[in-house]
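Residue numbers (this note's numbering), protein chains in the order written: chain L, 6 to 482; chain Z, 4 to 428.
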Amino acid sequence: MTEKVKFKWNGKEIEADKGSNLLKAALDNGIEVAHYCYHAGLSVAGVCRMCMVEQDGVPRPFPACNASCGEGIVVRNDTPKIKSSIEATLSFHLLNHPLDCPVCDQAGECGLQDYYMKHGQYDSQMVDKKVHKDKVQDIGRNVMLDAERCILCSRCTRFTEEVTKTHELGILNRGDHAEITVNEKLKNNYAQNLVDICPVGALTSKDFRFKQRVWFLEEVQTTCIGCETGCSVKVSENKNGAFRVKPSYDHEVNGHWMCDDGRNIYKHVSGALRLFGAQENLNGLFVPVDEFKTHQLAKGKTLKFILSTGLTNQEYEKFFEKIKGKSAQVALYVLPNQGEDFDGLLTRGDKNPNLRGARKAFEDAGYDSSQNALDKLLSSVSSNDAIFVVVPEIIYNEDHFNTLISKVEKAGLKIALTHGETLSTLRAFDFLLPIPTFVEKNGDIINFQNKKRALRSGISYGETSKDVSYYAGWVNL
Amino acid sequence: MKDSANYKDYALLSYHHIPGVHNLEIFERAGGYETMKACFDKDPEAIKEEVKQSGLRGRGGAGFSTGVKWGFFTKDRSAIKYLLCNADESEPGTFKDRYLVEKNPHILIEGMIISAWALGTQKGYIYIRGEFYHQAMILEKAIKEAYANGYLGKNILGKGFDFDLYVHRGAGAYICGEETGMISSLEGKKGQPKLKPPFPAIKGYRGLPTMVNNVESLAAIPWIMKFGANAYKQWGTEKSPGTKLFSISGDVNKPGVIEVPLSTTLKEIIEVHCGGVRNGNKLKAVIPGGSSAPIFNAEDSLIVKMDYEDVAAKGSMLGSGAIIVLDETRNMGEVLKWTLEFYHHESCGQCTPCREGTGWMEKILKRKEIGVAKKSDIELLDKTAASMRGQTICALADAAAMPTQGMIKVFRNELEQYVTTVAKK
Ligand SMILES: Cc1cc2nc3c(=O)[nH]c(=O)nc-3n(C[C@H](O)[C@H](O)[C@H](O)COP(=O)(O)O)c2cc1C
Ligand code: SF4
Ligand code: SF4
Ligand code: SF4
Ligand code: FES
Chain L
6 MTEKVKFKWN
16 GKEIEADKGS
26 NLLKAALDNG
36 IEVAHYCYHA
46 GLSVAGVCRM
56 CMVEQDGVPR
66 PFPACNASCG
76 EGIVVRNDTP
86 KIKSSIEATL
96 SFHLLNHPLD
106 CPVCDQAGEC
116 GLQDYYMKHG
126 QYDSQMVDKK
136 VHKDKVQDIG
146 RNVMLDAERC
156 ILCSRCTRFT
166 EEVTKTHELG
176 ILNRGDHAEI
186 TVNEKLKNNY
196 AQNLVDICPV
206 GALTSKDFRF
216 KQRVWFLEEV
226 QTTCIGCETG
236 CSVKVSENKN
246 GAFRVKPSYD
256 HEVNGHWMCD
266 DGRNIYKHVS
276 GALRLFGAQE
286 NLNGLFVPVD
296 EFKTHQLAKG
306 KTLKFILSTG
316 LTNQEYEKFF
326 EKIKGKSAQV
336 ALYVLPNQGE
346 DFDGLLTRGD
356 KNPNLRGARK
366 AFEDAGYDSS
376 QNALDKLLSS
386 VSSNDAIFVV
396 VPEIIYNEDH
406 FNTLISKVEK
416 AGLKIALTHG
426 ETLSTLRAFD
436 FLLPIPTFVE
446 KNGDIINFQN
456 KKRALRSGIS
466 YGETSKDVSY
476 YAGWVNL
Chain Z
4 MKDSANYKDY
14 ALLSYHHIPG
24 VHNLEIFERA
34 GGYETMKACF
44 DKDPEAIKEE
54 VKQSGLRGRG
64 GAGFSTGVKW
74 GFFTKDRSAI
84 KYLLCNADES
94 EPGTFKDRYL
104 VEKNPHILIE
114 GMIISAWALG
124 TQKGYIYIRG
134 EFYHQAMILE
144 KAIKEAYANG
154 YLGKNILGKG
164 FDFDLYVHRG
174 AGAYICGEET
184 GMISSLEGKK
194 GQPKLKPPFP
204 AIKGYRGLPT
214 MVNNVESLAA
224 IPWIMKFGAN
234 AYKQWGTEKS
244 PGTKLFSISG
254 DVNKPGVIEV
264 PLSTTLKEII
274 EVHCGGVRNG
284 NKLKAVIPGG
294 SSAPIFNAED
304 SLIVKMDYED
314 VAAKGSMLGS
324 GAIIVLDETR
334 NMGEVLKWTL
344 EFYHHESCGQ
354 CTPCREGTGW
364 MEKILKRKEI
374 GVAKKSDIEL
384 LDKTAASMRG
394 QTICALADAA
404 AMPTQGMIKV
414 FRNELEQYVT
424 TVAKK
């Protein structure tokens with residue numbers, strides 16, 4: 006256990022780890038402190054000078070981000086002296102800033118806008134010419150740079166230096182001519198984090214740009230299903246669907262970051278191919294159908310299920326409960342590894358979000374989750390069977406999955422349980438039945454560390470009430 | 004027969020009258036390197052103590068006690084650590100280190116070897132301003148001679164002490180004279196000051212303990228060790244003991260570098276040492292400590308004593324000892340304009356108040372160029388300068404703000420007139 010100390014910030018007593026970052030301790034304790042350059046996931050730069058504090062017994066103000074918590078220290082940033090210096094520093098930040106908030110994507114979650122609304126108004130006396138810089142630069146990996154909006158906090162350069170160690174960004178020139186320079190286009194798979202950490206609208210995402218004003222969105226705390234790492238994330242969404250995924254700090258799994266692949270996991274949720282109800286394959290064309298028809302056709306058939314590794318523990322459990330004592334066959338389709346086993350930061354080659362949970366549920370229910378069991382099930386497929394294939398939400402290797410589909414051809418009734426008509430090969434199925442996506446259900450998954458992480462439902466865009474266990478209920482027929 | 008150094012009057016320039024003293028052989032004939040040899044028989048701690056007792060204050064500008072600073076340095080002799088000589092000398096008006104090194108490189112090298120022995124540093128660098136190419140070559144040659152004589156390198160004079168010394172040329176950035184900016188530059192990075200704490204004495208070059216001292220500070224060490232702290236204190240005041248180099252430029256008849264006891268009056272320096280104001284003109288103002296020092300009007304200039312306390316008491320600072328004399332023909336608006344242009348150009352751009360403030364101050368002063376100048380701009384300039392002070396990583400922001408506020412305090416009317424007068428074309 007690290008030693009704890011107590012100190013006072015603006016009169017409020019705070020307890021924190023001895024020697025831990027003073028600014029962080031204040032922020033963690035709900036104190037609002039203006040800060041642009043400090044980021045808990047990066048080294049301390051101390052350049053924005055917004056977090057200045059005074060400490061009893063220390064002659065000069067200093068930035069809290071470069072200080073540590075000590076027993077009994079008394080610090081303040083609400084003295085007239087500090088308040089006026091913070092206001093002055095804020096106006097220095099705004100001096101060469103274009104203040105184009107009405108057309109800026111960051112509006113609503115911009116550090117500058119937040120603070121200048123609070124700390125005083127923009128000095129309209131500014132008659133001098135602003136320093137002009139390049140406003141539209143595509144710096145690669147879906148990231149756009151507006152150099153005029155940049156406040157040179159250096160978070161982005163520290164990120165590419167310290168986190169990805171790919172060194173694409175730097176700061177060129179000095180004084181008020183300093184600007185972010187792109188040594189080479191972004192080439193790392195974590196580039197979207199730059200958009201998150203940029204405190205202003207200088208780095209924006211091409212993908213999200215101008216799509217939605219942030220104040221129309223709600224954030225749902227959940228877990229990424231992009232790979233077995235299981236990063237904690239927030240999905241921004243509203244009734245029109247999901248719009249972006251951002252990392253959410255998770256000390257044990259992903260810290261502050263997530264990979265760019267994970268940023269795309271929401272796209273199918275409200276995508277054009279999303280399935281809203283049962284569909285029947287009429288000569289290669291899927292048309293809406295009453296689910297009852299499928300139900301009737303399945304009657305009297307041997308039911309076989311191939312589950313995916315993307316269901317929650319609770320879904321597996323309910324599923325197996327439903328088929329308990331019934332003669333249904335069940336096997337598990339495991340996604341093949343994709344890319345390197347581990348990129349050194351977060352991304353893993355094993356793309357199965359809940360392989361561990363699936364295996365455990367199979368075992369607990371007395372079923373075999375091995376490849377052998379799957380092969381056995383596939384080799385026994387006959388015209389007497391109604392086969393249900395749960396289509397993984399994200400398929401990295403389509404060929405591999407198509408091979409699976411080709412092996413169920415002989416079944417009398419082929420049903421895909423899916424969120425949408427995502428692959429052309431799904432035409433091999435007779436029916437598509439809808440299931441919820443990862444943001445439309447509550448439950449747990451187990452990541453590569455055997456840690457439990459939650460999936461949380463935020464929106465009900467597509468099918469949300471009928472999950473895999475609902476269809477398992479048909480076994481009773 | 005030995006040439007003898009004129010030690011009686013000078014601690015620093017005592018060899019300067021000897022022709023060819025930049026050659027090791029001539030320097031030695033005049034008594035050079037004797038103190039170094041004697042010091043190897045002294046306890047390093049005793050050397051540090053002697054320097055502390057002498058009251059020598061850092062000559063790089065801040066005037067912090069050299070001995071006290073040395074006291075913060077680790078006593079672990081086996082730990083890897085560095086001695087860094089600051090020869091970046093880029094403050095407008097300052098050219099004393101250049102003069103010292105150019106004429107007598109060996110006094111610096113001798114001072115560095117003694118300091119290295121006292122501090123236990125195994126490696127040293129002389130970081131020299133990029134424009135001082137000629138001086139860098141002189142140093143290189145002198146270092147070669149010192150190696151050849153066994154004063155540098157492995158097992159110096161058989162005492163089991165190793166010290167290697169290198170010259171590193173800067174690329175012409177003022178900010179690389181700030182000690183942590185210098186360390187960044189030496190590390191191969193962009194010349195940007197580092198956050199303090201940690202201070203270089205604890206974590207400096209390559210994250211290891213590093214002692215940074217100015218050329219003039221290090222060059223004073225041999226004298227102090229030869230004649231002792233008490234002898235050094237014969238000059239100057241209690242708080243400003245010793246002699247100091249002053250580089251005098253501007254409107255005097257004989258500009259140049261002189262060595263005088265601290266607390267010599269500015270009047271004596273101008274009238275006796277520099278032959279008075281040029282053309283018999285009237286003195287208007289003096290910048291007493293380099294471009295960052297607030298300006299004195301003629302009245303204060305004629306009564307101030309050039310020591311750390313008296314200059315400070317009159318609202319300025321001794322700084323690097325660069326005296327810039329301005330006569331009645333000078334326009335203070337122009338002086339401030341050049342000053343602001345300099346700091347705008349030299350701000351490294353890390354800290355917001357400095358990056359934005361230095362540029363803005365220049366723009367405010369030049370508003371007449373875009374036809375929007377008002378008398379009240381001077382007030383805005385004063386306010387802007389004030390809000391830059393004490394807010395940044397290094398003292399460059401203060402170095403830009405102080406002379407601005409100083410100039411406004413003394414010459415407000417003239418400045419108000421300057422900003423609102425559009426030159427006729
Ligand atoms: C902007 C700036 C420029 C500086 N330039 C120089 C310089 O050119 N030479 C120098 O010796 N010190 C310079 N200094 C002071 C150094 O940071 C440092 O205090 C000094 O080298 C320490 O040596 P001393 O203790 O012997 O004075 C500068 C400081 C600042 C803030
Ligand atoms: S682009 Fe954004 S993150 Fe990078 S330095 Fe500028 S403001 Fe900071
Ligand atoms: S590392 Fe895996 S879990 Fe984390 S964001 Fe990327 S794809 Fe998602
Ligand atoms: S005060 Fe100015 S020169 Fe010094 S570190 Fe900050 S920006 Fe750079
Ligand atoms: S957050 Fe502390 S200086 Fe920027």
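Cβ atoms here follow ideal geometry from the backbone N, Cα and C, with glycine treated the same way. It should be emphasised that the depicted structure is a prediction, and the values quoted were computed from it without experimental measurement.
Residue i Cβ short of 7 Å to ligand 1 heavy atom set
i              : result
E417 (chain Z) : no
I327 (chain Z) : no
I146 (chain Z) : no
Y311 (chain Z) : no
Per-residue contacts from residue i into chain L (C-beta, under 7 Å)
i              : result
S350 (chain Z) : R179, G180
C397 (chain Z) : Neighbours of C397 (chain Z) on chain L: none; closest Cβ ~11 Å, over 7 Å.
K366 (chain Z) : D133
T361 (chain Z) : G180
L508 (chain Z) : Look at the range of chain Z in this structure, 4 to 428, and you will see that residue 508 (chain Z) is not part of it.
Q353 (chain Z) : V52
S390 (chain Z) : S90, A93
H347 (chain Z) : G180
Residue of the options minimising C-alpha distance to residue i
i              : options                        : result
E76 (chain L)  : L:K17, L:E114, L:V10, L:C70    : L:V10
L360 (chain L) : L:C56, L:F324, L:L337, L:N15   : L:L337
A400 (chain Z) : Z:V422, Z:E419, Z:T342         : Z:T342
V263 (chain Z) : Z:G279, Z:V280, Z:I112, Z:Q237 : Z:Q237
G116 (chain L) : L:M57, L:D201, L:V80           : L:D201
K494 (chain L) : L:L47, L:I78, L:F67            : Given that chain L is displayed from residue 6 to residue 482, the structure contains no residue 494 (chain L) and the question cannot be resolved.
Q125 (chain Z) : Z:V54, Z:Y169, Z:Q353          : Z:Y169
R249 (chain L) : L:V274, L:T234, L:E257, L:G349 : L:V274
Closer than 7 Å: residue i CB and nearest ligand 5 heavy atom
i              : result
H98 (chain L)  : no
L28 (chain L)  : yes
Y120 (chain L) : no
M391 (chain Z) : no
8 Å Cβ cut-off: residues of chain Z touching residue i
i              : result
A69 (chain L)  : By Cβ distance, chain Z contributes nothing, its closest Cβ being about 12 Å from A69 (chain L), past 8 Å.
D472 (chain L) : Correct list: empty, because the minimum Cβ distance to chain Z is about 53 Å.
M57 (chain L)  : Q394
Chain-ordered neighbours of residue i on chain L, where CB pairs are closer than 9 Å
i              : result
T342 (chain Z) : Ordered by position in chain L, no residue passes the 9 Å Cβ test against T342 (chain Z), which lies about 15 Å from the chain.
I373 (chain Z) : V132, D133, K134
R370 (chain Z) : V132, D133
Beta-ladder partner(s) of residue i, from DSSP
i              : result
H171 (chain Z) : Z:Y130
M214 (chain Z) : Z:L86
M149 (chain L) : L:D143, L:T209
L290 (chain L) : L:L287
D449 (chain L) : L:A459
I290 (chain Z) : Z:I327
W120 (chain Z) : Bridge partners of W120 (chain Z): none, in fact.
Chain-ordered neighbours of residue i on chain Z, where CB pairs are closer than 7 Å
i              : result
V187 (chain L) : Within 7 Å Cβ-Cβ: nothing; V187 (chain L) doesn't reach chain Z, min ~16 Å.
F183 (chain L) : For the record, residue 183 (chain L) in the displayed sequence is Ala; it is not Phe. Result: G352, R358.
N101 (chain L) : E359
Cβ-heavy atom distance, residue i to ligand 2, below 7 Å
i              : result
L177 (chain L) : no
V148 (chain L) : no
P103 (chain L) : no
Closer than 7 Å: residue i CB and nearest ligand 4 heavy atom
i             : result
C70 (chain L) : no
Contacts that residue i makes with chain L (C-beta to C-beta distance below 8 Å)
i              : result
P356 (chain Z) : R54, A93, T94, F97
Residues that residue i contacts on chain Z, provided the C-beta gap is smaller than 9 Å
i             : result
R65 (chain L) : G393
query = When a residue counts only if its C-beta is closer than 5 Å to some heavy atom of ligand 3, which residues count, in chain order?
reply = L:C229, L:G231, L:C232, L:T234, L:C236, L:M263, L:C264, L:D266, L:G267, L:L351, L:T352
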